[in-house]
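Novice: In this note's numbering, the protein residues as written are 12 to 448.
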Ligand code: CMX
């Protein structure tokens, strides 16, 4: 058994009594209340999920296994000479909560290489889809097409299913998926946007470097990929992609079904698709300003025009965060180092200066600060990735790491099938004392 799987087994066995004790002895303890506003408006802030993989503090932003993004980037093992950690080592860290040693991370790198090969039927499926299909629909279809390989489903059907061992099968499916999806993403990118000039994987490379290689983009795009996948991995359990993946897996659907569903949620413009929306909007701003260095005054005018026409400012606001998203900051730092003079980055920079005050003045958004999506497209654009329909697929590869770690733990801790209760409008009116007799 690999070091990672063995460590995970130990962590799971240590953790199980904590969950059992909470359920058995404190199961009736109240941890919150639900208002009519929350029942109608997306359950915002309702405490109804448990995860130890990440925690989102409204003011501090995300922590992965207790570590901030800078701590994560600093402490995890990196490929020699690189600025960002191995994605495979980050998978080890999210699953176990332990920072792997260099050797442990590299063992996972080797494990992923063995699982990387794409089945021919995935390639055939991608090639058979209508050319107008959105890359997110292709990505989701490719993931669910591999469901026939699920070892979890086979185990469930075997007649020997034991809920205590189910996590092992979820782990195997999850690792197989993670090892393959960067190649799926790169394949569909080259097929769709690079005249079908496919680049075969290089089995000497780690996930980030092989992704850059298969995309056909030189260094430091390998580090961009590592950074991008890590910062997009997890953002607690309540966001649409994470929650959907968890919800589907709670029915004991396997990781292929669950992740494909989560990816479909990520494709929404209020969630993952926002990075594509930001780029589209930014290019519109640039076009209107004639591509010259923008002035703050012109930018303010444009932002107000967008708001007054009933649109949101993409890349700003957040359902939970109440400060600048540290995922934004992390990418901003990358931009300041690698592309400080890029014209698009200058637009993003000015937006950072003018949008928050305008959103405060408008008085609607609870959080006027930028989120992750306000920066990510700019970096991709700079490295020549100009087909922004593809951007959310990149987010999807990263998001898979977090949600697959979560559903592996869901099975380890035997989390139940999700079934919140709904009420009718009549019932809410009755509770509010406004029901017409
Ligand atoms: N521009 C203009 N108006 C905004 C706004 C923005 N960036 N963000 C919020 N608002 C508005 C909302 O549309 C809402 O208006 P109505 O009352 O007219 O419906 C009001 O402010 C209150 O919304 P909120 O409680 O602050 O925000 P929500 O939790 O409802 O929504 C989000 C959060 C992210 C969907 C929203 O801020 C938004 O639409 N932002 C732009 C899209 C975006 O960047 N999405 C990426 C999110 C990142 C992620 O998923 O991780």
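Even for Gly, the Cβ is constructed at its ideal location relative to N, Cα and C.
This one's a predicted model, so the numbers in the text were calculated from it and none came from an experiment.
CA-CA distance, residue 169 and residue 163?
Specialist: Using only the alpha carbons, I get a separation of about 10 angstroms.
Novice: Assuming residue 356 contacts residue 314 under a Cβ cut-off of 8 angstroms, what Cβ separation, rounded to an integer in Å, is found between them?
Specialist: Residue 356 to residue 314, Cβ: 18 angstroms. No contact.
Novice: For residue 368, is the beta carbon positioned less than 8 angstroms from some heavy atom of the ligand CMX?
Specialist: Checking the Cβ of residue 368 against the ligand CMX gives no.
Novice: May I ask you to report which of helix, strand or coil DSSP gives residue 69?
Specialist: Coil at residue 69, not helix or strand.
Novice: Taking C-alpha atoms, which residue in 12, 249, 24, 47 lies nearest to residue 443?
Specialist: Checked all of 12, 249, 24, 47; the closest Cα to residue 443 is 47.
Novice: Report yes or no: do three or more beta-carbon pairs, one from the region 213 to 233 and one from the region 191 to 205, lie closer than 8 angstroms?
Specialist: They touch, by the three-pair rule.
Novice: Quick one: give me the first and last residue of the alpha helix (DSSP H) that residue 401 is part of.
Specialist: Here residue 401 belongs to no alpha helix (DSSP H), and DSSP marks it neither H nor E.
Novice: I think residue 241 touches residue 83, with their Cβ atoms under 8 angstroms apart; what is that distance to the nearest whole Å?
Specialist: Yes, they are in contact, since the Cβ atoms of residue 241 and residue 83 sit about 7 angstroms apart, within 8 angstroms.
Novice: Classify residue 96: buried if its beta carbon has 16 or more other beta carbons within 10 angstroms, exposed otherwise.
Specialist: The residue is buried, with at least 16 neighbouring Cβ atoms inside 10 Å.
Novice: Should residue 215 go down as buried or exposed, given a rule of 16 or more other Cβ atoms within 10 Å for buried?
Specialist: It is exposed - the Cβ of residue 215 has fewer than 16 other Cβ atoms within 10 Å.
Novice: Since residue 252 and residue 274 are thought to touch, with beta carbons under 8 angstroms apart, how far apart are those beta carbons, to the nearest angstrom?
Specialist: Indeed they touch by this definition, with Cβ atoms about 7 angstroms apart.
Novice: Looking at the structure shown, is residue 430 part of a helix, part of a strand, or coil, going by DSSP?
Specialist: Coil, per DSSP.
Novice: Could you check if residue 391 is buried or exposed, using at least 16 other CB atoms within 10 Å of its CB as the buried criterion?
Specialist: Buried is the call here.
Novice: Could you check whether the region 365 to 381 touches the region 413 to 432, counting it as contact only if at least three pairs of C-beta atoms, one from each stretch, sit closer than 8 angstroms?
Specialist: No, the region 365 to 381 is not in contact with the region 413 to 432.
Novice: Drop a sphere of 10 angstroms on the beta-carbon of residue 342, count the other beta-carbons inside from all chains shown, and report buried for 16 or more, exposed for fewer.
Specialist: Classification for residue 342: buried.
Novice: Tell me residue 78's beta-bridge partners as DSSP assigns them.
Specialist: Partner(s): 75.
Novice: Measuring alpha carbon to alpha carbon, tell me which residue in 308, 352, 65, 393 is nearest residue 80.
Specialist: With distances taken between Cα atoms, residue 80 lies closest to 65.
Novice: Would you say the beta carbon of residue 384 comes nearer than 8 angstroms to a heavy atom of the ligand CMX?
Specialist: Answer for residue 384: yes, Cβ within range of the ligand CMX.
Novice: Less than 9 angstroms between the beta carbons of residue 462 and residue 20, yes or no?
Specialist: Nothing can be reported for residue 462: it is not among the residues displayed for the chain, which extend from 12 to 448.
Novice: Since residue 381 sits in a beta bridge, which residues does DSSP pair it with?
Specialist: Beta-bridge pairing links residue 381 to 327.
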